[in-house]
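*Asks:* Counting from 1 along the sequence shown, just add 13 to a position and that's the residue number in the working numbering. No residue lacks a Cβ here, since even glycine has one placed at the ideal position from N, Cα and C.
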Amino acid sequence: MVNAAYVTLVTNDDYALGALALARSLKRVDSDHALVVMTTRTDITLDPLVAEGCEVVTVERLPCSNEFNERHTRERQHSSAPFTKGNKPTFHDPLDNFCKLRLWELEQFERVVFIDADAIVVRDIRKLFGYPEFAAAPNLYETLADMHRLNSGVFVAEPSKRTFADMLMRLDQPDVFWRRTDQTFLESYFPDWHGLPYTYNALQYIYFNLPPLWHWPAIHVVHYQYEKPWEDDHPKRDQLKPLIDLWYAALEGRDLPEELPSQANS
Ligand code: UDP
Ligand code: MN
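So this is what it looks like as structure tokens:
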């Protein structure tokens, strides 16, 4: 598809580093489609991303009410809907997550594949451009009960300003609290979402929680949900060491391993 691109979001230096690993990993498997980096910031350097061929698009935060913004601050989110399964880094701002919706304004593209800046692509994912809106993989990282929820770290969308305007109306309703921000919203907006295989958004906790599903030859995208591989203070560093090494190989443009130690067989 000609008018197709990958899109990610970067609102601070930490996610800029994440996006750099993503950009380099993507280039190895698909140099035909650009990675568009949406950013809310003009005061952080995205030069390394531009050097990798990324297109930078500056976006504003969504024009939501003050009440909406107050309900979705980091502090309020962590008290109203605490994270019990893993830790979010201090540089993660839930309000910034909603800026993902800005990709629906990128009408120069017929179809986009959004990928979180904390993910890397390890195999060709071009076939995702053939999926219709809205396609996402399950939020699978612990039990089968995860299967009915989507994860918004990788999804296929068809930009449309009309959809964007409609989303804004649905998003900012009195007293509505989106406990997992854009993810909960997208699940509600697209209740009949198309399912992608979990291997197109393999969440890092699968590695230790569901080892039989960590089937390396089938995995296309590795998504470092919760703790980020570049965090100094990383409580799961030992458990996730092979995946953290993989991320650094992507960041530094080294060859990726052909095999990854599997906990299922050890
Ligand atoms: N993001 C960002 N700044 C923030 C929070 C999020 O740029 O303060 C972007 C970034 O692309 C990130 C995505 O939104 O990968 C979703 O957040 P994150 O990946 O940290 O959430 P998780 O996957 O851990 O649920
Ligand atoms: Mn993520």
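1) How would you label leucine 256, buried or exposed, when you count the other beta carbons within 10 angstroms and need 16 or more for buried?
2) So does glutamine 196 have its beta carbon nearer than 7 Å to some heavy atom of the ligand MN?
3) Who are the near neighbours of aspartate 268 in its chain, counting only those whose CB is closer than 6 Å to its CB and skipping five residues on each side?
4) Thinking alanine 263 and serine 38 are a contact (beta carbons under 8 Å), I'd like their distance in whole angstroms, please.
5) Determine the burial state of valine 103: buried for a count of at least 16 other Cβ atoms within 10 Å of its Cβ, exposed for fewer.
6) Mind checking who proline 151 pairs with in its DSSP beta bridge?
7) Can you tell me which of the three DSSP states phenylalanine 190 falls into?
8) Sort out for me which residues DSSP pairs histidine 105 with in a bridge.
9) Beta strand (DSSP E) containing arginine 54: first to last residue?
10) Can you name the start and end residues of the beta strand (DSSP E) that phenylalanine 127 belongs to?
11) Along the beta strand (DSSP E) that carries histidine 236, what are the first and last residues, could you check?
12) I need the straight-line Cα distance from serine 279 to glutamate 272, nearest angstrom please.
13) Going by C-alpha to C-alpha distance, which of Ser78, His46, Glu265 and Ser275 sits closest to glutamine 252?
14) Check isoleucine 138 in the structure and name its three-state DSSP category.
15) Sorry if obvious, but does the Cβ on glycine 166 come closer than 7 Å to a heavy atom of the ligand MN?
16) Figure out for me which residue from Tyr213, Leu153, Lys140 and Pro107 has the closest Cα to the Cα of proline 224.
*Replies:* In short, the structure shows the following:
1) buried
2) no
3) none
4) 4 Å
5) As written in the sequence, residue 103 is threonine, which differs from the valine given in the question. Answer is exposed; the Cβ neighbour count stays below 16.
6) Leu163
7) coil
8) Answer is none; histidine 105 lacks a bridge partner.
9) Premise fails: arginine 54 is in no beta strand (DSSP E) and is neither H nor E.
10) 124 to 128
11) 234 to 236
12) Confidence in serine 279 is poor, its pLDDT being 44 and thus under 50, which makes the residue's placement unreliable; the coordinate value appears in the next sentence. Each residue's Cα considered, the two are about 13 Å apart.
13) Ser275
14) coil
15) yes
16) Leu153
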